[in-house]
Every structure is written in C-alpha cells, then in structure tokens.
Amino acid sequence: MLYREAGQFKTSYTADQAIFPIRQDRVALLIFGLVAVFAVPALSSNYFLETIFVPFLVFALAAIGLNILTGYCGQLSLGTGGFMACGAFFSYKLATAFPDLHIVAVFLLGGLGTAAVGVLFGLPSLRIKGFYLAVATLAAQFFLVWMFNKFPWWTNYSPSGVISAPPRDILPGFAVTGSGGDPAVKYLFLLVLVAVLALVAKNLVRSRIGRSWMAIRDMDIAAEIIGIRPLWAKLSAFAVSSFFIGIAGALWAFVYTGSVEALAFQIDRSFQVLFMVIIGGMGSILGSFLGAAFIVLLPILLSNAPAVLGLQIRVEMISHLEFMIFGGLIIFFLIVEPHGLARLWQIGKEKLRLWPFPY
Amino acid sequence: MKLKSLGLAALAAAILAGPVTVPQAHAQEQFVPLLVYRTGPYAPNGIPIADGFNDYMQLVNTRDGGINGVKYAWEECETQYNNDRGVECYERLKANGPTGASVVNPYSTGITYALIERATNDKVPVLSMGYGRADASDGTVFPYVFTMPITYWAGADVMVQYAAKESGGSLQGKKVALVYHDSAYGKEPIATLERLAKEEGFSLSLYPVPHPGLEQKATWLQIGRQLRPDWVFMWGWGVMNSTAIKEAAAVGFPMEKFIGVWWSGAEADVIPAGDAAKGYKSLNITGVGTAAPIFRDIEKMYADGNGAADKANIGTVLYNRALVNAFYYTEAIRIAQAEFGVKPLTGEQIQWGMDRLDITQDMVDKAGMAGLMSPVKITCADHEGGGSAVVQQWDGSKWTAITDFIAPRRDALRPAYEASAAQYAAEKGLTPRSCS
C-alpha cells in the first residue's frame with residue numbers, strides 16, 4: 308500500500324538511474340532530511356546532540372570509508388583506527404601550523420594525507436588477500452598509533468602526548484571545533500558534511516570506478532581478464548576509503564571529544580568500525596549508517612533505559628546487562644540476516660512493494 | 281499473526297511511552313555526579329573509589345544532616361574507564377539536581393583531558409586529585425580545574441627526594457629507571473625527571489610499557505640484567521602494576537628500591553603479585569589504614585544500616601583517597617555557602633569556594649581525618665595548594681606509611697606549570713584571568 312508504484316514511469320535515463328528511483332523513497336528521504344535539519348536540533352537537548360548524534364555521524368562516516376574498502380572492494384582491513392589517527396593528527400598539525408586555514412580545508416587536507424598513507428599501506432594488497440591482508444593492515448594500525456605516540460612533534464611537544472583541538476569557526480561566529488561550539492552548530496555542520504560525503508560515496512560506487520571495485524571483490528582474476536587493472540582498482544579503493552576514514556578521525560578529535568591522545572585510536576576502534584560494517588551490511592552505504600547507529604546508540608540507550616523506566620538498578624548491574632543484551636542482539640541479527648541490517652531493510656522493502664500479496 | 285503483531289506493537293508502545301518517572305530531586309539538595317568504573321578492566325581500583333565517595337556523602341547526610349542542612353544527592357554513571365563513555369556520562373548528569381553538577385571527579389587522566397574544556401564552558405569545577413594535567417595547577421589559565429594536593433610532576437620530585445635521602449643524601453652518579461604506561465598519564469613525569477637528572481647528576485633511562493602492560497619480560501630483563509639501576513620508579517596503572525612487580529621479582533630486583541606512583545600503590549596492585557610484592561614501595565597522597573577517628577563514624581553509619589559498600593574496602597588506599605576527595609569539595613561548598621547563602625549552589629559558586637579553599641591541620645583534626653591528609657591552601661593562581669605525599673611500603677598484608685608527608689620542591693615546578701599552561705592558552709587563544 309505504502310509502496311504502490313503504479314503510474315511511476317521513467318521517461319529518461321536520468322530518472323532511471325536516480326539513487327532513489329521510487330517516489331515514496333524520495334518523499335521519505337525529504338521528510339527524514341527535514342526532521343534531521345530542523346526538528347532534531349530544535350527538539351533534542353544538548354546531551355542528545357553532543358553525545359549521541361555527533362559520535363553517530365562521525366562513526367557513520369568512518370563506516371562508509373571502511374565499507375568502500377571492505378564491502379565494495381573486498382579488501383579486509385584492520386587499520387581503521389590507525390587511519391583515523393592519521394586524519395586527526397594531520398589535521399591537528401595543519402590547524403596549528405596554519406591558523407588561518409579554513410577548518411573544512413583542514414579536514415579535507417587531513418583526509419588527503421590519510422589517503423596517501425592508505426595507498427602506502429595498500430601496496431601489500433597487490434600480492435596478498437583475505438586474512439593475510441588483514442594482518443598487513445594490522446601493521447598499519449600498530450605502526451601509526453606507535454608513531455603518533457612516540458614522536459612528540461605530532462603533538463607539538465605536549466608533555467603528555469594529548470592533542471587538544473584549537474577552536475575554529477565554520478562561518479565567523481559559528482565555532483564547530485573545540486568544546487566552545489554550540490552543539491546544534493556542530494551537529495548541523497556534521498550532518499551536512501556527512502551527507503555530502505555519503506552522496507559522493509554513493510555516486511562513486513555506482514560509477515565505473517565503483518564497478519571495478521566490485522568486480523575485483525567478486526573475482527579478481529575474472530576482473531583482470533575483462534580489463535580491470537587490479538593495481539589501480541585496489542589502490543584507489545584504499546585511497547578513497549582512507550580519505551573518508553581520515554576525515555572521520557579528524558572530526559572525532561576536533562568536533563566530538565575536543566582532545567585526544569593516540570591511544571584513543573587503538574585496535575578496539577578498528578574492530579568497532581569493522582563490526583559496524585558487518586552488522587550494518589557489507590557493500591551498502593545505508594548499512595554504514597545502520598551499523599553505526601547499532602554500535603554507537605544501542606549501548607547508550609541500554610544504559611539509559613533503567614533510569615527512564617524508573618528502575619533502581621546498580622550501575623555495575625546496568626553495565627553487565629548492557630553487555631549481555633548487546634551481545635545477544637548482535638547474534639540475533641546476524642542469525643536473522645547474515646548480510647546485515649541493510650539487507651533486512653531491503654527485504655522488508657521488497658515485501659512492502661508487493662504487499663498485500665507478497666510471495 | 282495479526283494478534284502477535286498487535287501485541288508486539290503494544291509492547292513497543294508501552295516501552296516507548298512507559299512510566300517516565302525520573303526520580304525527582306528535592307529542592308534543597310546539592311547534586312554531585314559520580315563517574316565510576318565498577319566494571320571493566322580497572323574495576324578493582326574503581327570500586328573502592330566509588331564506595332569512598334558514597335560513604336563520605338552518606339556520612340555527611342546522616343551524621344551532620346547535610347552541609348548546614350543542604351543534603352547531598354548523587355548519581356553514579358558507569359564509564360568502564362572509557363573516555364567516550366566518560367564524556368557521555370558527564371553530559372548525561374551535568375544538568376541533574378536543582379543546580380546542576382557541583383563538581384566532577386573523573387578519576388581517569390584521559391577523561392579529565394576530555395572534560396577540562398567542556399566543564400570550563402559549563403562552569404563546573406573539575407577536581408582531578410593527583411591526576412590529569414599537571415599544568416592545570418596554574419589557576420589563571422585553568423580557573424575550573426583543581427589538582428590538589430599534588431601533581432605528577434611534584435610526585436616525581438618527591439620520589440627523587442626520597443631516593444636521594446635513602447642513597448645517603450645524593451643521587452650523584454646513580455642510575456634511575458622509569459617504567460611507565462605509554463599514555464598521556466605515564467608521560468607526565470618525564471620532563472620533571474629529566475630536569476632533576478641534570479640537576480642532581482643521576483642518569484635516567486626510560487622504559488615505556490605499551491597498554492595494557494601485560495608484556496614486560498623484555499623490559500625487566502633489560503632493567504635487571506643489563507642496566508642494573510639503583511632505583512626504579514613506576515608510573516603504572518591497573519594490571520601493569522602487578523605484572524611489573526612479578527617481573528621485577530623474577531629478575532631479582534630488590535623491592536626496596538622499587539617505588540611506584542600513587543596509582544601503583546593500592547591493594548589491588550600488590551595482592552595479585554603475592555609474596556613477590558613484599559617490600560615494594562609507593563607514594564601515596566592520603567594516609568593509610570583505619571586509625572583516623574572518622575572511621576569510627578563510618579563504622580557507626582554501617583551499624584545503623586546506612587552503608588552500602590563492601591566493608592572489606594573500608595580503609596583501603598583508594599577508599600581513603602575518595603574520602604579525602606569528598607572532604608575537599610565538601611569544605612569548598614561550606615566556604616561558598618558562607619558567601620552565597622545556605623542553599624544548593626551552582627558549579628560557578630562552588631568554584632568560588634574552591635578558589636579560596638584553605639584546609640589547615642586544625643580543620644583536618646576536627647574532621648577526624650588526622651593522618652589521612654596534608655593541609656592545602658588553594659589560591660586563585662595556585663590550584664595545587666601545596667600538598668605533600670608519603671612513601672608507603674607493602675608488608676605482604678597491608679600498606680604502612682614509612683615516612684611523614686614529604687613536601688615537593690615547588691620553586692622549580694611552578695615556572696614549569698606556568699610555561700606549559702601558557703602554551704596551552706596560546707594554542708587555545710585564551711586570555712589568562714588576572715589573579716591580583
């Protein structure tokens with residue numbers, strides 16, 4: 308009923324190739340966008356904006372980055388934390404060395420720097436794949452965190468090795484980095500940035516280059532035979548993926564926490580993003596958002612639930628319950644749909660389109 | 281099928297709408313958010329800390345009827361010693377109670393770093409008692425951060441003083457090794473120790489231990505077989521401490537020459553190492569044991585059924601530290617009440633009180649805390665307050681203080697705080713407040 312498409316004809320190639328070919332989807336997206344831009348900042352408290360939506364958007368961007376590499380190009384990577392650290396520290400050095408550089412330029416340059424590092428660590432992917440490549444990217448993870456921890460130049464010789472984001476404005480008077488900024492401004496800035504980058508990612512994976520990644524993922528020898536250059540395809544996937552992850556790392560340090568040390572980007576961070584991709588759905592941009600929501604929001608909601616329900620439970624019990632329920636839900640969703648939440652949504656949507664006569 | 285989905289929908293609606301009865305705080309209450317870690321890898325340290333806070337505030341409420349009648353209200357939030365969770369907890373609790381958070385005690389150097397700016401913006405004092413940023417002792421740049429009674433840099437100075445005294449008055453020509461957690465926390469003392477090495481003529485070797493610190497065999501082989509230092513100092517945390525003690529014993533390093541900082545000297549750090557830990561020393565910023573008169577009051581509170589903690593934790597190192605911590609801010613609230621009136625105060629008003637906190641030996645004795653703490657005097661510019669540290673030793677079953685409170689030599693430390701704070705202010709574009 309909701310998804311009755313009768314009468315929606317496509318009369319041009321552009322219409323046929325739209326990201327959202329069904330009108331109901333476009334309307335839903337528009338409503339969703341309006342809610343996100345107007346209703347969320349107006350209705351939610353600073354607590355929700357600062358500690359729930361901001362990290363969710365940052366992690367969604369990191370998950371998109373990893374999804375490009377792992378989900379679309381099939382190159383398993385455990386170096387996400389290291390690449391996030393790259394983005395954070397590159398941006399920090401840029402922002403402090405060139406105080407007049409606009410903050411968006413800082414983030415983009417930080418992302419480009421990370422892309423270069425990603426290409427460097429992507430070189431082994433030309434020779435090895437699967438678990439062996441995961442081990443090679445693991446080296447990136449440990450090396451990069453070690454490097455930022457070891458050499459005080461990266462932290463401007465801070466005695467403790469902690470960097471703290473300098474305050475910068477997106478437009479004069481609207482600070483987005485450091486802790487001084489208005490949470491609503493930070494949220495809107497992130498929302499726009501992540502939406503634009505997600506659109507870029509979506510279009511990239513629909514283009515020739517994205518198709519070459521998927522060809523490599525599905526069968527690299529066949530891809531090579533039909534004329535796709537593995538060197539170019541794999542390294543470009545590493546570059547684009549690291550670019551996204553680097554920006555996510557910079558946003559994490561600058562917009563979310565405001566101060567960060569290299570240890571914040573340890574191996575746990577890599578696993579966290581990898582789980583988002585696996586639970587959200589490999590090879591799906593929507594899945595990156597769903598996965599980030601699942602991993603970031605659910606634990607916070609679970610730990611808040613007893614207070615909202617008016618139950619008096621000791622904090623250690625809440626925390627144990629949170630782990631148990633969270634772990635149970637991961638297993639539940641993976642059993643119900645091994646291809647992730649995005650696939651679950653896709654199946655649901657297919658059923659809705661055929662409703663009331665699903666087969 | 282239809283019934284099932286209806287039922288599910290009803291259940292979902294019930295959960296969403298649900299009883300939204302958030303416990304209402306009384307109007308006459310002073311709210312304190314407690315960021316605790318009762319679970320996770322550092323729970324053995326986090327539980328006594330959280331219990332100490334609970335018990336002191338409960339004691340103030342039940343024994344004295346609150347601070348001049350204004351009772352404490354508090355809520356715990358579990359951080360699992362995780363920085364992101366710490367920020368989330370702070371944001372969740374900061375607006376609770378009639379006047380918002382009074383003071384925040386993160387008990388984690390990482391969370392402290394993440395909260396300094398946020399709390400300063402929200403005008404909530406951060407009391408980082410013996411952790412966090414040492415240069416935050418400069419109250420002109422960090423008006424809302426307090427580091428009393430002593431910082432890591434000052435702690436390094438106390439360690440060197442003690443080692444020099446034990447080595448016959450001088451460390452000239454001696455070898456000192458620093459084993460440290462390779463993080464913001466562990467790196468804090470390095471600059472101070474390097475300066476003292478130059479001044480006092482000892483050689484300093486650095487041994488970073490990667491987090492979490494379970495793998496230290498190579499480190500200790502190098503220390504015990506190759507370097508053979510006269511003293512080993514340690515900036516360790518959690519499982520790293522007991523591992524270091526075991527490895528030190530395995531290479532035959534004498535425990536009497538091994539001194540940990542105050543986060544490497546709780547019961548949970550030495551008991552797992554067993555007999556190997558006998559003779560191990562550490563600094564402490566509070567006294568040990570249950571000899572102080574306040575413990576009689578706490579016993580009575582437990583006898584009346586008002587205590588919530590595991591009684592075995594009472595009198596442990598970290599429990600006592602939390603008691604002293606809660607005592608600090610209670611006294612600051614008293615001072616602020618004298619200025620702003622007896623009512624729940626805002627963080628800004630409590631900061632005013634903390635800026636003027638002057639705890640004399642007389643007050644310590646009167647509060648029944650004799651031997652638990654050294655006097656401190658906070659001023660607008662000096663947020664460290666001139667506190668001291670003791671050296672304590674583990675005898676296999678309990679910690680015993682083996683020195684009096686040793687005062688660090690702050691003449692040289694103060695310019696270092698100011699230089700580092702000035703760099704921070706320049707980077708952030710802050711104008712230090714005037715304290716004259």
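Residue numbers (our numbering), protein chains in the order written: chain A, 308 to 666; chain B, 281 to 716. Ideal Cβ placement from N, Cα and C applies to all residues, glycine included. Note that the coordinates shown come from a computational prediction; the quantities given were computed from them, not determined experimentally.
- In this structure, the beta-carbon distance from residue 412(B) to residue 361(B) does not fall below 8 Å.
- Among the residues facing chain A, residue 416(B) is not included, as its CB has no counterpart in that chain under 8 Å away.
- Nearest to residue 443(B) by alpha-carbon distance, out of 555(B), 620(B) and 512(B), is 512(B).
- Counting only runs that start and end inside the region 418-504 of chain A, the beta strand (DSSP E) elements of at least 3 residues fall at 469-471 and 476-478.
- Within 10 angstroms of the beta-carbon of residue 439(A) lie fewer than 16 other beta-carbons, which makes it exposed.
- Interface annotation, residue 599(A): not in contact with chain B, CB-CB separation never under 8 Å.
- Pairwise C-beta distances place the region 344-359 of chain B in contact with the region 621-636 of chain A, as three or more of them are shorter than 8 Å.
- Chain B has a Cβ within less than 8 Å of the Cβ of residue 468(A).
- Interface criterion not met: the Cβ of residue 399(A) is under 8 Å from no Cβ in chain B.
- Per the DSSP secondary-structure output, residue 686(B) pairs in a beta bridge with 669(B).
- If you keep only unbroken alpha helix (DSSP H) runs of at least 4 residues inside the region 569-595 of chain A, you get 574-587.
- Across the structure, residue 516(A) and residue 540(A) are spaced so that their CA atoms are roughly 7 Å apart.
- At a cut-off of 8 Å, the C-beta of residue 484(A) has no neighbouring C-beta in chain B.
- Under the Cβ distance rule, residue 357(A) counts among the residues neighbouring chain B, one pair being separated by less than 8 Å.
- Taking each of 327(A), 318(A) and 322(A) in turn and checking the Cα distance to residue 310(A), the smallest one comes out for 327(A).
- When beta bridges are read from the DSSP output, residue 331(B) appears opposite no residue.
- The beta carbon of residue 434(B) does not come within 8 Å of any beta carbon belonging to chain A, so the residue lies off that interface.
- Using a C-beta cut-off of 8 Å, the region 488-503 of chain A makes contact with the region 335-355 of chain A, since at least three inter-stretch Cβ pairs fall below that distance.
- For residue 540(B), the enclosing beta strand (DSSP E) has its first and last residue at 538-540.
- Under the Cβ criterion of 8 Å, residue 409(A) is not counted among the residues facing chain B.
- Residue state for residue 491(B) is assigned as coil, using DSSP reduced to three classes.
- The criterion of a C-beta distance shorter than 8 Å is satisfied by residue 365(A) and residue 555(A).
- Taking 9 Å as the upper bound on Cβ-Cβ separation, chain B lies near residues 566, 567, 568, 569, 570, 571 and 573 of the region 566-577 of chain A.
- Within chain A, no residue has its CB atom less than 9 Å from the CB of residue 341(B), the nearest being about 18 Å off.
- At a cut-off of 8 Å between beta-carbon atoms, residue 371(B) makes contact with chain A.
- Contact check for residue 459(B) and residue 524(B): beta-carbon distance about 6 Å, within the 8 Å limit, so the pair qualifies.
- Here residue 537(B) is buried: its Cβ has 16 or more other Cβ atoms, across all protein chains shown, within 10 Å.
- In its chain, beyond the 5 residues on either side, 595 have a beta carbon closer than 7 Å to the beta carbon of residue 569(B).
- Here the alpha carbons of residue 455(A) and residue 557(A) stand approximately 14 Å from one another.
- Judged by DSSP secondary structure, residue 514(B) falls within the beta strand (DSSP E) whose first and last residues are 511-515.
- Here the alpha carbon of residue 376(A) sits roughly 44 Å from the alpha carbon of residue 376(B).
- At least 8 Å separates the beta-carbon of residue 472(B) from that of residue 487(B).
- The C-alpha of residue 651(B) lies about 51 Å from the C-alpha of residue 445(A).
- Considering only 494(B), 559(B), 415(B) and 502(B), the residue with the shortest C-alpha distance to residue 676(B) is 559(B).
- Its chain contains 416, 417, 420, 421, 553 and 557 as the residues whose beta carbon lies nearer than 8 Å to that of residue 397(A), once the 5 sequence neighbours on both sides are disregarded; these appear in chain order.
- In the DSSP assignment, the residues bridged to residue 566(A) are 471(A).
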